[in-house]
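Trainee:
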Amino acid sequence: MPSKSLDELEAQVGRTVTTVEDLVVEPGKVEEFARAIKDDNPAFRDEAAAREQGYESIPAPLTFTRTAYFPRYRPDGIGLDHGFDLGFDQSRVVHGEQEYIYEQQIHAGDVLSGKTTLVDVYERDGSRGGTMTFAVLETAYRNADGEHVLTERLTRIELAAQGDDDD
Amino acid sequence: MTDRHERRLTADDVAVGETGPEVVVEELEREDFVRYAGASGDFNPIHYDEPYARDAGNESVFGQGMLTAGFASHMVSDWFGMDRVDRFTIRFQSRVFPGDTIAVTGEITDVEDGDAAAVVTADLEATTDDGTVVLSGETVASIPRE
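Heads up: the protein sequence lines correspond to chains A and B, in order. Start counting the first sequence at -10; every next residue gets the next number (the working numbering). Start counting the second sequence at 6; every next residue gets the next number (the working numbering).
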């Protein structure tokens, strides 16, 4: 169980927090990210190759906004819990599900901001006893023109603690 | 531009049961987890600090789920092109450990024909060489008529 009760978590559902500011999609960062996921597509490395493939310029990989976790893009006080007081024990937190809904292609040079809403919290029985707690966080990203480019939906799970079996 | 990155897929080419271009990542190393930490900003020590990972009940460090999701995104991008992908959904099923080889596959499960484009839904799966499913998912893409 988190240090917060389910009631305390549910009270935060629907709240929205600015979680990402001035996320500059730097071309060098795109290349570094592509290398880390072992994607050899030249479009991530070279403007001309990107245009040859029909992109306006160097495209961001589909999961590139994972880089929004860097502190430089986070407003003060926004950590792994996206500014929500979930009380999760970070050593037991796993990433259950991730969904991206793309509205527009993101390119190198874009500057993004994001607002995150806690859309759901719920509990399930753990497979080996105890209680698992789920939090669903939805982040809407906009570009510098205010256009909605991407929605990201993240499910974070706090696994049952060892020794919770007798709960 | 390699063949893999040519973008000639049109609505006429897509059909239920068609499979995507498999992506195989050979023998993951701890270095791969560290590189993804540096590239993504996910510095959870469970992915590179062996004593920390063991204390938390793991046999060793394991890869970021989003690293495996990155391998899956590579397959989807090569298959459809990033700007045609409407939706990409990943469920993390199991951890990936140093030494694992990961294969990502995809298969079209639905095609809805429209005037300008076909809307394609495909199932995605990443498995280790011993057959463990580490990631399952789904993607939806709009493939133009021509």
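Beta carbons: idealized from backbone N, C-alpha and C, even for Gly. Every value quoted in this text rests on a predicted model; they were computed, and no experiment measured them.
Check Val39(B) in the structure and name its three-state DSSP category.
Mentor: Val39(B) falls in the helix class under three-state DSSP.
Trainee: Of all the options Ala16(B), Glu11(B) and His10(B), which has the alpha carbon lying nearest to the alpha carbon of Val125(B)?
Mentor: The shortest C-alpha separation from Val125(B) is found at Ala16(B).
Trainee: Is any beta-carbon of chain A found at less than 8 Å from that of Tyr41(B)?
Mentor: With 8 Å as the cut-off, Tyr41(B) counts as an interface residue toward chain A.
Trainee: Verify the CB distance criterion: does His52(B) have a CB-CB separation below 8 Å to chain A?
Mentor: By this cut-off, His52(B) is not an interface position.
Trainee: Mind checking whether Asn30(A) and Ser78(B) have CB atoms under 8 Å apart?
Mentor: Not in contact: Asn30(A) and Ser78(B) (Cβ atoms no closer than 8 Å).
Trainee: Can the beta-carbon of Thr73(B) be found closer than 8 Å to that of Val28(B)?
Mentor: No. Outside cutoff.
Trainee: State yes or no: is the C-beta of Leu143(A) within less than 8 Å of the C-beta of Val83(A)?
Mentor: For Leu143(A) and Val83(A), no; Cβs fall outside 8 Å.
Trainee: Where does Met71(B) fall in DSSP's three states?
Mentor: Looking at Met71(B) - three-state DSSP - the assignment turns out to be helix.
Trainee: Nearest to Ile148(B) by CA position, among Asp135(B), Gly136(B), Gly119(B) and Phe48(B), is which residue?
Mentor: Among Asp135(B), Gly136(B), Gly119(B) and Phe48(B), the Cα nearest to that of Ile148(B) belongs to Gly119(B).
Trainee: Would you verify that the beta carbon of Thr137(B) is, or is not, closer than 8 Å to some beta carbon of chain A?
Mentor: With 8 Å as the cut-off, Thr137(B) does not count as an interface residue toward chain A.
Trainee: Rounded to whole angstroms, what is the Cα-Cα separation between Pro50(B) and Met80(B)?
Mentor: Distance between the alpha carbons of Pro50(B) and Met80(B) is about 28 Å.
Trainee: Would you report the Cα separation of Met71(B) and Thr56(A), rounded to the nearest angstrom?
Mentor: Computed Cα separation, rounded: 11 Å.
Trainee: From Glu88(A), Ser(-8)(A), Arg40(A) and Val9(A), pick the residue whose C-alpha is nearest to that of Lys104(A); which is it?
Mentor: Among Glu88(A), Ser(-8)(A), Arg40(A) and Val9(A), the Cα nearest to that of Lys104(A) is on Val9(A).
Trainee: Please report the distance separating the alpha-carbon of Thr106(B) from that of Arg150(B).
Mentor: So the two alpha carbons sit approximately 36 Å from each other.
Trainee: Can you have a look at Gly43(A) and say buried or exposed, based on whether 16 or more other CB atoms are within 10 angstroms of its CB?
Mentor: Exposed: under 16 other Cβ atoms inside 10 Å.
Trainee: From the beta carbon of Asn132(A), is the nearest beta carbon of chain B less than 8 Å away?
Mentor: By this cut-off, Asn132(A) is not an interface position.
Trainee: Counting beta carbon pairs with one atom in the stretch 57 to 67 of chain B and one in the stretch 40 to 54 of chain A, are three or more of them shorter than 8 Å?
Mentor: They do not touch, by the three-pair rule.
Trainee: Kindly indicate if chain B contains any beta-carbon less than 8 Å away from that of Pro64(A).
Mentor: With 8 Å as the cut-off, Pro64(A) does not count as an interface residue toward chain B.
Trainee: Relative to chain A, which residues along the stretch 82 to 112 of chain B have a C-beta separation below 8 Å, given in chain order?
Mentor: Those would be Ser82, Asp83, Gly86, Met87, Asp88, Val90, Asp91, Arg92, Phe93, Thr94, Ile95, Arg96 and Phe97, in chain order.
Trainee: For Tyr111(A), which of helix, strand or coil comes out of DSSP?
Mentor: Three-state DSSP puts Tyr111(A) in a strand.
Trainee: Using a Cβ cut-off of 8 Å (strictly closer), state whether Pro16(A) contacts chain B.
Mentor: Not an interface residue.
Trainee: Using a C-beta to C-beta distance shorter than 9 Å, which residues of chain A count as neighbours of Phe76(B)?
Mentor: What Phe76(B) touches in chain A: Ile26, Lys27 and Asp28.
Trainee: Could you work out which residues of chain A lie near Leu72(B), taking near to mean beta carbons separated by less than 8 Å?
Mentor: Under the 8 Å cutoff, chain A gives Ala25 and Ile26.
Trainee: Thinking C-beta only, is Met87(B) closer than 8 Å to Gln87(A)?
Mentor: Taking 8 Å as the Cβ cut-off, Gln87(A) and Met87(B) do not qualify as a contacting pair.
Trainee: Short of 7 Å in beta carbon distance, which residues of its chain neighbour Ile95(B), apart from the five on each side in sequence? Order them along the chain.
Mentor: For Ile95(B), where only same-chain residues beyond five positions count, the Cβ hits under 7 Å are Ala74, Ala77, Leu140 and Gly142.
Trainee: Between the stretch 127 to 137 of chain B and the stretch 113 to 131 of chain A, do three or more beta carbon pairs fall short of 8 Å?
Mentor: The stretch 127 to 137 of chain B, when compared against the stretch 113 to 131 of chain A, does not touch it at the 8 Å Cβ threshold.
Trainee: Applying a beta-carbon distance threshold of less than 7 Å, which residues of chain A neighbour Gly22(B)?
Mentor: Correct list: empty, because the minimum Cβ distance to chain A is about 24 Å.
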